[in-house]
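What follows is a set of notes on a single structure, which appears directly below.
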Amino acid sequence: MNAQAIWQGLFIELTRLISVAKDSADRAHEAATDKEAVAENKYDTRGLEASYLAHGQQERMAQCIEDNALFNELYQSRQLTDEVILGSIVSLESSEGLRHVLIGPSAGGIKVQWNEVEVLVITPQSPLGAQLLGKMVDDEVVLTIGDNIHNYDVAAID
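Numbers 9 to 166, taken from the working numbering, label the letters of the sequence shown in order.
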């Protein structure tokens with residue numbers, strides 16, 4: 009697996025998310041400050057709702073910027089080790105096939121495509137992320153979610 013390409017794809021996706029969040033925050037701010045948002049009577053809450061939305065979108069944009077900064081810092085300081093640590097790209101084998109995850113400090117759920125390979129960002133706070141930390145190649149991870157038991161073998165660590 010090309011770890012460099014995965015990281016590059018991650019930064020492209022994080023930059024795209026910042027751009028989308030900024031556009032959403034700008035539109036929400038415009039809606040909140042538009043003359044149409046002024047209350048016509050005491051029961052008209054359009055302006056209040058628009059300001060709540062603008063605030064939420066601004067927080068979302070700030071979170072995306074923080075995620076990008078955290079991953080940048082992690083990328084600059086990452087180390088190649090034999091065990092899974094924050095910043096590791098891990099290949100997992102199971103009866104369902106091969107899957108790839110990147111253990112990140114935040115932004116769990118982001119997917120990065122490289123060739124035909126999809127890499128999912130997970131955090132140490134997730135059940136799988138918590139179990140993977142400290143594992144080595146050929147270690148087994150057993151994950152129980154509800155009544156379902158998933159067995160994974162660590163196939164590779166990049």
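No residue lacks a Cβ here, since even glycine has one placed at the ideal position from N, Cα and C.
Reduced DSSP category for residue i - H, G, I as helix; E, B as strand; rest coil
i	result
Asp-161	strand
Ile-14	helix
Thr-41	helix
Lys-119	strand
Asn-156	strand
Val-46	coil
Met-144	strand
Met-69	helix
Tyr-51	coil
Asp-166	coil
Beta-carbon separation (whole angstroms), residue i vs residue j, contact threshold 8 Å
i	j	result
Val-92	Ile-165	6 Å
Ile-14	Ile-97	6 Å
Residues that DSSP places opposite residue i in a beta bridge
i	result
Arg-107	Leu-100
Gln-87	DSSP lists no partner for Gln-87.
Val-125	Trp-122
Ile-26	In the DSSP output, where bridge partners are listed per residue, Ile-26 has none listed.
Ile-130	Ile-111
Beta-carbon proximity list for residue i, same chain, < 7 Å, skipping 5 on both sides
i	result
Asp-146	Asp-161, Val-162
Gly-116	Val-129, Ile-130, Thr-131, Ser-134
Ser-59	Ala-40
Start and end residues, alpha helix (DSSP H) containing residue i
i	result
Ile-93	From DSSP, Ile-93 is part of no alpha helix (DSSP H); its letter is neither H nor E.
Leu-136	135-140
6 Å CB neighbourhood of residue i in its chain, flanking five on each side removed
i	result
Cys-72	Leu-25, Ile-26, Ala-29
Arg-68	Ala-29
Lys-119	Glu-126, Leu-128
Ser-114	Asp-75, Leu-78
Phe-19	none
His-37	Ala-62
Glu-148	Asp-161
Gly-95	Leu-82, Arg-86
Start and end residues, beta strand (DSSP E) containing residue i
i	result
Thr-152	148-153
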